[in-house]
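Report on the structure given below.
Numbering (our numbering), first residue to last: 5 to 299.
Structure follows, in structure tokens:
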């Protein structure tokens, strides 16, 4: 059985065809103006899921970059403090060697050396209390404000605690140093050693035996600088890997989210041509109205 084709049926079909062409042209115009492949997830659910995943990975990569910047700041501050401490300790050792030659020194000279050692001890203590953004880098989890008590030289950090930064999906790096391991603590600390050398000089006692203690502290500082140097290298490798990942993710985002401008422009021109042709054909095919017959 054949369906009856009426003028109304033809008109409705023509309008639907024109609306479809107009919608396609509007979609392409929106893509050309926004440079976005889709506006809502319903436009292309699979592509929308890819875009969301890429944006999530980019957010994580950006956080790793911030963590890396902070980790480098911690490591840089620690290395600077350790380098300055090593210089101070080297000077203290030279003064101790001078003081060990007690036969050539009068009381005034011994007092001068002792006074400089006291000054070096205070400077060394200030380096051990170095802070970064209000955090003590040699006792990073403490809220005491300083790594060592200025009177007893007791370590004020939290035992077995450390400050870490996540620099990758499966990679963490410790960014602080245990001040007790670097400088010692209490009566065995480098500060107590320098104070003891100064006291021996003022008392006229021999300070040569103290050189072995200073050498041990020098070794501890050197080991700490080696450790922070290794961590810095690890952080820098993570930084390079993170930067490379960020570039790759941006390329993936552009591919998934943006449109090919030339391709969209060509498609828009084609859609415009099709729409104009449809308008002309429809205008001719719908001219036979009742008034035309009556005329």
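Just so it is clear, CB atoms sit at the ideal spot from N, CA and C, and this is done for glycine as well.
Being a predicted model, the structure only gives us computed values, none of them experimental.
Taking a contact as a CB-CB distance under 8 Å, the pair residue 157 and residue 130 does not count as one, their CB atoms being some 13 Å apart. Taking a C-beta distance under 8 Å as the contact criterion, residue 128 and residue 218 do not qualify as a contact pair. Its chain contains no residue whose beta carbon lies nearer than 6 Å to that of residue 126 once the 5 sequence neighbours on both sides are disregarded.
In summary, residue 235 is buried, with 16 or more beta-carbon neighbours lying within 10 Å of its beta-carbon over all protein chains present. In the structure shown, residue 189 falls within a coil segment according to DSSP collapsed to helix, strand and coil. Under a 10 Å Cβ-count criterion, residue 251 is classified as exposed, with fewer than 16 other Cβ atoms of the shown protein chains found around its own Cβ. Taking all protein chains in view, the Cβ of residue 189 is crowded by 16 or more other Cβ atoms within 10 Å, so the residue is classified as buried. Nearest neighbour of residue 72 by Cα position, chosen from 173, 232, 64, 243, turns out to be 243. For residue 152, DSSP records a beta bridge to 159. Taking all protein chains in view, the Cβ of residue 56 is surrounded by fewer than 16 other Cβ atoms within 10 Å, so the residue is classified as exposed. In the structure shown, the three-state DSSP call for residue 93 is helix. Judged by DSSP secondary structure, residue 230 falls within the alpha helix (DSSP H) whose first and last residues are 214-261.
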